[in-house]
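By our numbering, the letter at position 131 of the sequence shown is numbered 131, and the numbering carries on one by one without gaps.
In this text, a Cβ means the ideal position worked out from N, Cα and C, and glycines have one as well.
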Amino acid sequence: MLFLFLSLSLSGQRNSDYGVFAGVSSYFGDINPTRPLYSPLPAGGFFYRYNLNPREALRANLFIGGLRGNDLDFSNAFQQARAASFSGTVSELATQFEFNFLRYSTEGKRWNFTPYFAAGVGVAFVNTVSSTFIPVIPFSFGFKVNIYKNIGLEAEYGFRKTFYDNFDGVKDLIAPSDYSWIHNNDWYTFTGIAVTWKIYNKLAGCPAYGELNSKKKR
């Protein structure tokens, strides 16, 4: 995956966006089954995006964030009696296919904007009650806007389906045959703001530059 995006970056700088993400991470699991943005901790990272066209793109993410949970944050008698807790970090490397609902480019006019959706595959390193690598399926949705020339601003909420039930050290006491795809495993989320920019040679769009560049390759 890294070699693929490296080759895309080298061969198509004018189609590439680079971004820095900052926000919070949170967790869903046995301790927190329903609350969105429960006990958020700082998160950050960066990404590289190759724009296939104004509506479709491929993106590689490298994110890291904190996770924590405590039964005593909840008022029900069962969790108050169990009093389980955990804290740690999750690091993620993932690739996603991104779809823009409107035509969008950071080289476009100012205030060009679009909502978008992304999905893909990745691997995460979880370091909470234990340390392990796990496969994840990242889903994200957000909103992006071009604020100045080749600079963009994005707001994103991303949630990660995992196949792991030990972020919190608490496992469901049910038979494996009763597990479902949605439940019985822990999830984590990234929520935040990203600044993106496009680095390109301004001469690359000039016909004279293209002619000169082709002569050099002969």
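Opposing strand residues paired with residue i [DSSP bridges]
{"i": "Asp17", "result": "Arg49"}
{"i": "Leu93", "result": "Leu62, Val123"}
{"i": "Lys144", "result": "Thr114, Glu154"}
{"i": "Ile134", "result": "Ala124"}
{"i": "Glu98", "result": "Ala57, Ala118"}
{"i": "Leu41", "result": "Ser25"}
{"i": "Ala83", "result": "None; Ala83 has no bridge partner."}
{"i": "Ile193", "result": "Ala22, Ala155"}
Nearest residue (CA-CA) to residue i, options the options
{"i": "Phe141", "options": "Phe97, Ser105, Arg103, Ile147", "result": "Phe97"}
{"i": "Phe103", "options": "Ala57, Thr189, Ile31", "result": "It should be noted that the sequence gives Arg, not Phe, for residue 103. Comparing Cα positions, the closest option is Ala57."}
{"i": "Thr89", "options": "Ala22, Val129, Asp30", "result": "Val129"}
{"i": "Arg68", "options": "Thr132, Pro54, Arg59, Asp30", "result": "Asp30"}
{"i": "Leu19", "options": "Arg55, Ala60, Asn32", "result": "In the sequence under discussion, the amino acid at residue 19 is Gly, which differs from the Leu named in the question. Cα-wise, what sits closest to Gly19 is Ala60."}
{"i": "Lys161", "options": "Tyr148, Asn146, Gly152, Ile137", "result": "Ile137"}
{"i": "Leu93", "options": "Gly44, Phe78, Asn146", "result": "Gly44"}
{"i": "Val126", "options": "Asn70, Phe74, Gly66", "result": "Gly66"}
{"i": "Phe99", "options": "Gly23, Leu153, Ser91, Phe139", "result": "Phe139"}
{"i": "Phe101", "options": "Thr95, Tyr116, Ser91", "result": "Tyr116"}
{"i": "Pro42", "options": "Phe28, Ala124, Gly23", "result": "Gly23"}
Nearest-angstrom Cα separation, counted from residue j out to residue i
{"i": "Phe86", "j": "Leu72", "result": "12 Å"}
{"i": "Ala83", "j": "Asp168", "result": "12 Å"}
{"i": "Lys144", "j": "Ile64", "result": "21 Å"}
{"i": "Asn76", "j": "Ser25", "result": "24 Å"}
{"i": "Ala155", "j": "Phe113", "result": "12 Å"}
{"i": "Trp187", "j": "Ser105", "result": "32 Å"}
{"i": "Ala175", "j": "Arg55", "result": "Residue confidence is low: Ala175 scores 46 on pLDDT, short of 50, so the model does not pin down where it sits. No coordinate-derived value is stated."}
{"i": "Phe47", "j": "Phe21", "result": "8 Å"}
{"i": "Gly122", "j": "Phe163", "result": "12 Å"}
{"i": "Val170", "j": "Leu62", "result": "27 Å"}
{"i": "Phe133", "j": "Arg35", "result": "25 Å"}
{"i": "Asn15", "j": "Leu52", "result": "7 Å"}
{"i": "Asp17", "j": "Glu107", "result": "10 Å"}
{"i": "Ala194", "j": "Gln80", "result": "38 Å"}
{"i": "Phe78", "j": "Asn70", "result": "13 Å"}
{"i": "Gly120", "j": "Gly152", "result": "22 Å"}
{"i": "Arg49", "j": "Ala118", "result": "12 Å"}
{"i": "Tyr157", "j": "Thr189", "result": "7 Å"}
{"i": "Phe5", "j": "Phe28", "result": "Here the model assigns Phe5 a pLDDT of 47, short of 50, so the residue's position is not dependable and the matter cannot be decided."}
{"i": "Ala124", "j": "Phe74", "result": "28 Å"}
{"i": "Phe159", "j": "Ser131", "result": "20 Å"}
{"i": "Thr95", "j": "Asn146", "result": "23 Å"}
Counted within 10 angstroms of its Cβ, other Cβ atoms place residue i as buried (16 or more) or exposed
{"i": "Pro40", "result": "buried"}
{"i": "Pro135", "result": "exposed"}
{"i": "Lys198", "result": "buried"}
{"i": "Arg110", "result": "exposed"}
{"i": "Asn32", "result": "buried"}
{"i": "Ser177", "result": "Low local confidence applies: a pLDDT of 47 at Ser177 is under 50, so the model's placement there is unreliable, with the coordinate-based value given in what follows. Exposed: under 16 other Cβ atoms inside 10 Å."}
{"i": "Tyr148", "result": "exposed"}
Anticipated Cβ contact below 8 Å, residue i with residue j, distance rounded
{"i": "Asn185", "j": "Asp165", "result": "5 Å"}
{"i": "Thr191", "j": "Leu37", "result": "7 Å"}
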